[in-house]
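Note that numbering that gives the first Met the number 0 gives residue 199 to position 200 of the sequence shown, counting from 1, and the numbers run on in steps of one. Quick reminder that beta carbons are idealized off the backbone N, C-alpha and C, glycines included. Working notes, beginning with the structure itself.
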Amino acid sequence: MNLSFDTSLAKGYHSSSQISRVVTEDWLARNMFCPVCGAPILSHYEANKPVADFFCDDCKSDFELKSKESKTATIGHKIADGAYGTMIERITSLRNPHLFVMTYNNWTVNNLLMIPNYFFVPEIIEKRPPLKETARRAGWVGCNIEIGNIPESGKIFIVRNSKQVDKAKVVDLYQRALMLRTSRIDSRGWLLDVLRCVERIPKLDFSLDEVYAFADELQRKHPENNFIQDKIRQQLQYLRDKGFIKFISRGHYQKVK
């Protein structure tokens, strides 16, 4: 995998956003395999397709690419996306594609990760203020994807700190994350929220009380639920059944790495 862009493609373009789109999409088309099934190439949709940028002809998975120039080695906490209403509709109807997030510097890829589509919930989509009346698209409301609020299990790196991750490992990580896929948005939100709470506990071994410490935060996210501790225990059991944590003894668990 050559991490450098083909800068000759930038000739004739004046907009930095157009240049970014052209060189990053070209790089992905030339270098990227399918992280879902391991197929060697991804195909590029026709320009301006509203749903996705790339697809796998083998497993029929769709992918969208978001990229930004960054001088730091980190992905960052959030990345800009398109229209807020469209994004929420895609998530709630379970039609959103998997997302590639790329950062680059000096025409070279720093990081590339994939976020599976079943890690998206409305709560991680930040609504931006409407464009001013003087703007060409006055009143248009965009959004940001709050990547920092996605569990680490949903961030599958393909390139990390300018180093390629082994293809077999990428596919294995996707298959592991696939165990967390649910078909209901409300169930998905609870599961991912509790998983992120578990990940934020700095120790490998942890207690039920340490997860209960996040109860107030979870109550604010899910004000309709009056049985927060019951829901926490339910989600921990689900994570145990899916192999993400192990039950050690009454009220004690261990993360599975």
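So, at 8 angstroms on beta carbons, what are the nonlocal neighbours of Trp106 in its own chain, with the 5 sequence-adjacent residues on each side left out?
Along the sequence shown, one-based indexing puts residue 106 at 107. Around Trp106: Ser3, Phe4, Thr6 and Val22.
Which residue marks the beginning of the alpha helix (DSSP H) containing Val158, and which one marks its end?
To locate residue 158, count along the sequence shown from 1; it is residue 159. Run containing Val158: none in the alpha helix (DSSP H); it sits in the beta strand (DSSP E), Ile155 to Arg159.
Contacting residues, own chain, Cβ-Cβ under 8 angstroms from Glu68 (five flanking each side not counted)
Counting from one through the sequence shown, the residue named residue 68 turns up at place 69. The answer, listed in chain order, is Ser19, Thr102, Tyr103 and Asn104.
Would you say Asn110 and Arg127 are within 8 angstroms of each other, going by their C-beta atoms?
Stepping through the sequence shown from its first residue, residue 110 is reached at position 111. Stepping through the sequence shown from its first residue, residue 127 is reached at position 128. Contact: no.
Tell me the rounded alpha-carbon separation between Val255 and Arg175.
Locating residue 255 in the sequence shown gives position 256, where the first residue counts as 1. Locating residue 175 in the sequence shown gives position 176, where the first residue counts as 1. The alpha-carbon atoms of Val255 and Arg175 are separated by roughly 11 angstroms.
Hey, how far is the Cα of Lys241 from the Cα of Met178?
Within the sequence shown, the letter at position 242 stands for residue 241. Within the sequence shown, the letter at position 179 stands for residue 178. Cα-Cα distance, rounded: 6 angstroms.
Do the CB positions of Pro39 and Val169 come within less than 8 angstroms of each other?
As a position in the sequence shown, residue 39 is number 40, starting the count at 1. As a position in the sequence shown, residue 169 is number 170, starting the count at 1. Going by C-beta atoms, Pro39 is not nearer than 8 angstroms to Val169.
Please look up how many angstroms separate the CB atoms of Asp52 and His43, rounded, as I've assumed it's under 8 angstroms.
As a first step, residue 52 is located in the sequence shown; it is residue number 53 there, counting from the start. As a first step, residue 43 is located in the sequence shown; it is residue number 44 there, counting from the start. About 7 angstroms separates the two Cβ atoms, so the contact holds.
Considering only C-alpha positions, which residue in the set Cys58, Arg232, Lys70 and Val50 is nearest to Ala82?
In the sequence shown, the residue the question calls residue 82 occupies position 83. It is Val50.
Around the C-beta of Pro96, are 16 or more other C-beta atoms found within 10 angstroms, so that it is buried, or is it exposed?
By one-based count along the sequence shown, residue 96 stands at place 97. Answer is buried; the Cβ neighbour count reaches 16.
For Glu63, which of helix, strand or coil comes out of DSSP?
Locating residue 63 in the sequence shown gives position 64, counting from the first residue. It is a strand residue.
Just verifying my parser: in three-state terms, what is the DSSP assignment at Glu68?
Numbered from 1 along the sequence shown, position 69 holds the residue referred to as residue 68. Strand.
Given Met86, which residues of its chain have a CB within under 7 angstroms of its CB, disregarding the five upstream and five downstream residues?
Looking up residue 86 in the sequence shown gives position 87. Asp80, Ile124 and Cys142.
State the DSSP-derived secondary structure class of Val50, mapped to helix, strand or coil.
Start at 1 with the first residue of the sequence shown, and residue 50 comes out as number 51. Secondary structure at Val50: coil, using DSSP grouped into helix, strand and coil.
Smallest Cα separation from Val108: which of Phe156, Ile90 and Ile146?
Here residue 108 refers to the residue found at position 109 when the sequence shown is read from its first residue. Phe156 is the residue among Phe156, Ile90 and Ile146 whose C-alpha sits nearest the C-alpha of Val108.
Just to confirm my understanding: we take Pro121, look at its own chain, exclude 5 residues before and 5 after, and list those with CB closer than 7 angstroms. What are they?
Taking the sequence shown and counting its residues from 1, the one referred to as residue 121 is at position 122. For Pro121, same chain residues with a beta-carbon under 7 angstroms away, outside a window of 5 residues either side, are Ile87, Ile90 and Thr91 in chain order.
Indicate the three-state DSSP secondary structure (helix, strand or coil) for Gly258 in the structure shown.
No answer is possible for residue 258: it lies beyond the span of the chain, which begins at 0 and ends at 256.
For the stretch 101 to 166, list the beta strand (DSSP E) runs that are entirely contained and at least 3 residues long, ordered along the chain.
107 to 114, 124 to 126, 141 to 144 and 155 to 159
Distance CB(Gly147)-CB(His76) smaller than 8 angstroms:
Position 148 of the sequence shown, counted from the start, is the residue given in the question as residue 147. Position 77 of the sequence shown, counted from the start, is the residue given in the question as residue 76. In contact: Gly147 and His76 (Cβ atoms closer than 8 angstroms).
Could you please give me the residues that DSSP links to Gln253 through a beta bridge?
Taking the sequence shown and counting its residues from 1, one reaches residue 253 at position 254. Answer is Asp204 and Lys245.
In three-state terms, what does DSSP make of Leu41?
On the sequence shown, position 42 is the one that residue 41 refers to. Reduced to three states, the DSSP call for Leu41 is coil.
Compute the Euclidean distance between the alpha carbons of Gly37 and Arg29, then round it to the nearest angstrom.
In the sequence shown, counting from the first residue as 1, residue 37 sits at position 38. In the sequence shown, counting from the first residue as 1, residue 29 sits at position 30. C-alpha separation (whole angstroms): 15 angstroms.
Residues in the same chain with beta-carbon distance under 7 angstroms from Phe246, minus the five sequence neighbours each way, listed in chain order, please.
As a position in the sequence shown, residue 246 is number 247, starting the count at 1. Apart from the 5 residues on each side of it in sequence, Phe246 sits with its Cβ closer than 7 angstroms to the Cβ of Arg239 and Tyr252 in its chain, given in chain order.
Minimum C-alpha distance to Arg232 - residue among Ser206, Ile114, Glu223 and Pro222
Working through the sequence shown from its first residue, we reach residue 232 at position 233. Of the listed residues, the one whose Cα sits closest to Arg232 is Ser206.
Compute the distance between the beta-carbons of Gln218 and Val193, then report whether it is under 8 angstroms.
Taking the sequence shown and counting its residues from 1, one reaches residue 218 at position 219. Taking the sequence shown and counting its residues from 1, one reaches residue 193 at position 194. No, the Cβ-Cβ distance between Gln218 and Val193 is not below 8 angstroms.
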